[in-house]
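Chemist:
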Amino acid sequence: MIGMMGGVNNVSTSHKYNINILDLNVAQLYQYISNLDQLQKVETKPKNDISAKNTKRNSEEEEDSKDIYASNVDFDKPGKFYAIIIGASNYTDPGIPDLDSLPIKDAMALKKVLSQKYIFDKENIKALYNPTRRDIVIAFAEMSKKITSEDNLLIFYAGHGHYEKESDLGYWLPVDAEVGNPSNWLYNDQLVADVKKIKSLHTLLISDACFSGSIFKTRSVNMQEASSFIKQKYSLPSRKAITSGTLKTVPNKSVFLKYLIDRLTNNKEAFFTASQLFQSLEQPVSNNSKSLPQFGVIQNVGDEGGDFIFIKR
39 MIGMMGGVNN
49 VSTSHKYNIN
59 ILDLNVAQLY
69 QYISNLDQLQ
79 KVETKPKNDI
89 SAKNTKRNSE
99 EEEDSKDIYA
109 SNVDFDKPGK
119 FYAIIIGASN
129 YTDPGIPDLD
139 SLPIKDAMAL
149 KKVLSQKYIF
159 DKENIKALYN
169 PTRRDIVIAF
179 AEMSKKITSE
189 DNLLIFYAGH
199 GHYEKESDLG
209 YWLPVDAEVG
219 NPSNWLYNDQ
229 LVADVKKIKS
239 LHTLLISDAC
249 FSGSIFKTRS
259 VNMQEASSFI
269 KQKYSLPSRK
279 AITSGTLKTV
289 PNKSVFLKYL
299 IDRLTNNKEA
309 FFTASQLFQS
319 LEQPVSNNSK
329 SLPQFGVIQN
339 VGDEGGDFIF
349 IKR
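Sequential numbering of the sequence shown, starting at 39, is according to this note's numbering.
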């Protein structure tokens with residue numbers, strides 16, 4: 039930066055630019071600074087602010103202020119945001135305990151926050167309350183016909199699920215599932231096949247039920263990466279999943295869903311990545327339940343390192 043400051047002489051007008059670099063990478067910052075006519079001084083300020091004084095040959099002095107924030111990132115008209123929201127509570131088989139309608143309430147709460155706070159239009163949200171296996175399969179098929187390579191899809195499931203360690207098979211239980219009869223169980227590999235058919239730019243699966251380890255590759259969350267490269271993350275296709283880490287029957291009242299809804303409701307960021315969402319709920323969920331939430335890539339369905347981004351209205 040010192041080399042850039044040299045050779046500035048005979049100046050009489052000062053323009054001051056305040057740049058918030060919390061969510062700008064170095065290349066973006068240098069590109070912005072290079073557009074200034076001449077650079078006289080750069081000084082560090084609190085909260086990652088940089089004050090850059092630009093000087094021009096002029097007899098009058100004036101001071102302008104320009105702030106750059108992550109919320110000003112131009113996403114060039116992002117595609118549509120779709121959602122399949124599933125809540126299963128009242129099971130027909132008496133051998134499968136009901137969940138006191140709490141998954142339904144959680145599903146409704148998620149639909150509300152997505153449509154009111156984020157750019158999910160109501161007509162693009164398919165809500166399934168107490169669905170059969172057939173209902174879920176049809177919903178995926180309909181979405182695959184609507185969604186383009188510029189669009190985004192959120193898949194949410196709250197209800198019973200199970201994981202068989204010996205076979206490494208996980209599955210969800212729609213309300214018409216029967217104990218000992220797998221014909222109406224929804225296996226995770228079938229879900230992955232459905233995800234693969236949907237040619238979205240980003241797909242995020244959020245599940246308060248098990249997800250098979252063989253098709254779900256966990257990864258760590260780099261928060262510096264998440265906040266600094268939001269536009270780059272949006273441009274790359276992604277197929278991510280957030281799960282509660284529950285491998286057996288879910289409790290009637292889910293701590294995972296409590297914090298999921300809370301974090302989405304109270305988020306202040308204009309652009310909120312799936313990575314940031316997971317990081318915000320991982321610790322409180324693990325501290326207040328027996329579950330260990332997981333975040334990772336759904337393997338072999340087209341993830342290229344991007345991230346799903348919740349965009350506020």
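Cβ atoms here follow ideal geometry from the backbone N, Cα and C, with glycine treated the same way.
Quick test of the definition: if touching needs 3 or more C-beta pairs under 8 angstroms, does the stretch 302-318 touch the stretch 329-349?
Modeler: Flag = yes, the stretch 302-318 and the stretch 329-349 touch.
Chemist: DSSP on residue 272, reduced to helix/strand/coil?
Modeler: Residue state, collapsed to three classes: helix.
Chemist: Tell me the start and end of each unbroken beta strand (DSSP E) in the stretch 286-335 that is at least 3 residues and wholly inside, in chain order.
Modeler: If we require 3 residues or more, the beta strand (DSSP E) runs fully inside the stretch 286-335 come out as 309-311.
Chemist: Look at residue 160 and residue 177 and say whether their C-beta atoms are less than 8 angstroms apart.
Modeler: It is not a contact, given that the beta carbons lie outside the stated cut-off.
Chemist: Taking Cβ positions, are residue 124 and residue 197 nearer each other than 8 angstroms?
Modeler: Yes.
Chemist: Answer with buried or exposed for residue 351, where buried requires no fewer than 16 other C-beta atoms within 10 angstroms of its C-beta.
Modeler: Exposed: under 16 other Cβ atoms inside 10 Å.
Chemist: Hey, does residue 223 have any beta-carbon neighbour from chain D nearer than 8 angstroms?
Modeler: Considering every chain present, this structure includes no chain D. It has just one protein chain.
Chemist: Based on the DSSP secondary-structure assignment, which residues constitute the bridge partners of residue 190?
Modeler: According to DSSP, residue 190 bridges with 119 and 240.
Chemist: At a cut of 8 angstroms, does the stretch 183-190 reach the stretch 221-229 through at least three beta carbon pairs?
Modeler: The stretch 183-190 vs the stretch 221-229: no contact.
Chemist: What residues match up with residue 163 in a beta bridge as DSSP calls it?
Modeler: The partner list for residue 163 (beta bridge, DSSP) reads 121.
Chemist: Where residue 334 and residue 298 are concerned, what is the direct C-alpha to C-alpha distance, given to the nearest angstrom?
Modeler: Their backbone Cα atoms lie some 16 angstroms apart in a straight line.
Chemist: Output needed for residue 142: all residues of its chain with C-beta closer than 6 angstroms, excluding positions within five of it in sequence on either side, in chain order.
Modeler: Hits under 6 angstroms: 125, 127 and 167.
Chemist: Can you give me the C-alpha to C-alpha distance between residue 138 and residue 336, rounded to a whole angstrom?
Modeler: Computed Cα separation, rounded: 31 angstroms.
Chemist: For residue 348, name the three-state secondary structure that DSSP assigns.
Modeler: In this structure, residue 348 counts as strand in the three-state DSSP scheme.
Chemist: Do residue 194 and residue 145 count as a contact pair if the criterion is CB distance below 8 angstroms?
Modeler: Yes, Cβ-Cβ distance for residue 145 and residue 194 is below 8 angstroms.
Chemist: Judging by CA-CA distance, which residue of 332, 211 and 221 is the nearest neighbour of residue 242?
Modeler: Residue 242 has its Cα closest to that of 332, out of 332, 211 and 221.
Chemist: If you draw a straight line from the alpha carbon of residue 293 to that of residue 148, how long is it in whole angstroms?
Modeler: So the two alpha carbons sit approximately 15 angstroms from each other.
Chemist: What are the partner residues of residue 223, as DSSP defines its beta bridges?
Modeler: Its beta-bridge partners do not exist; DSSP assigns none.
Chemist: Are residue 318 and residue 283 close, meaning C-beta to C-beta below 8 angstroms?
Modeler: Against a cut-off of 8 angstroms, the Cβ pair of residue 283 and residue 318 comes out as no contact.
Chemist: With the cut-off set at 8 angstroms, would you say residue 199 and residue 191 are in Cβ contact?
Modeler: No, they are not a contact pair.
Chemist: Tell me whether residue 180 sits in a helix, a strand or coil according to DSSP, three-state version.
Modeler: In the structure shown, residue 180 sits in a helix (DSSP, three-state: H, G or I).
Chemist: Grab the span of the alpha helix (DSSP H) containing residue 137 for me, first residue to last.
Modeler: Premise fails: residue 137 is in no alpha helix (DSSP H) and is neither H nor E.
Chemist: Would you report the Cα separation of residue 189 and residue 245, rounded to the nearest angstrom?
Modeler: Whole-angstrom Cα-Cα distance: 21 angstroms.
Chemist: How many Å lie between residue 202 and residue 209 at the Cα?
Modeler: Taking the straight line joining both Cα atoms gives about 9 angstroms.
Chemist: Can you give me the Cβ contacts of residue 173 inside the same chain, cut-off strictly under 8 angstroms, excluding the 5 residues immediately before and after it?
Modeler: Once the five neighbours on either side are set aside, the close Cβ partners of residue 173 are 166 and 212.
Chemist: Could you pull the DSSP bridge partners for residue 208 from this structure?
Modeler: DSSP, once it has assigned bridges, lists 201 as partnering residue 208.
Chemist: Return the Cβ separation of residue 131 and residue 247 in integer angstroms, given the expectation that the two are a contact with Cβ distance under 8 angstroms.
Modeler: The Cβ separation is near 17 angstroms, so there is no contact.
Chemist: Inspect the beta-carbon positions of residue 179 and residue 152 and report whether they are closer than 8 angstroms.
Modeler: Not a contact, by the Cβ cut-off of 8 angstroms.
Chemist: Going by Cα to Cα distance, which pick from 339, 205, 157 and 322 is closest to residue 279?
Modeler: Nearest C-alpha to residue 279: 339.
Chemist: If you draw a straight line from the alpha carbon of residue 238 to that of residue 271, how long is it in whole angstroms?
Modeler: Rounded to the nearest angstrom, the two C-alpha atoms are 14 angstroms apart.
Chemist: To which residues does DSSP link residue 129 through a beta bridge?
Modeler: According to DSSP, which records beta bridges pairwise, residue 129 is partnered with nothing at all.
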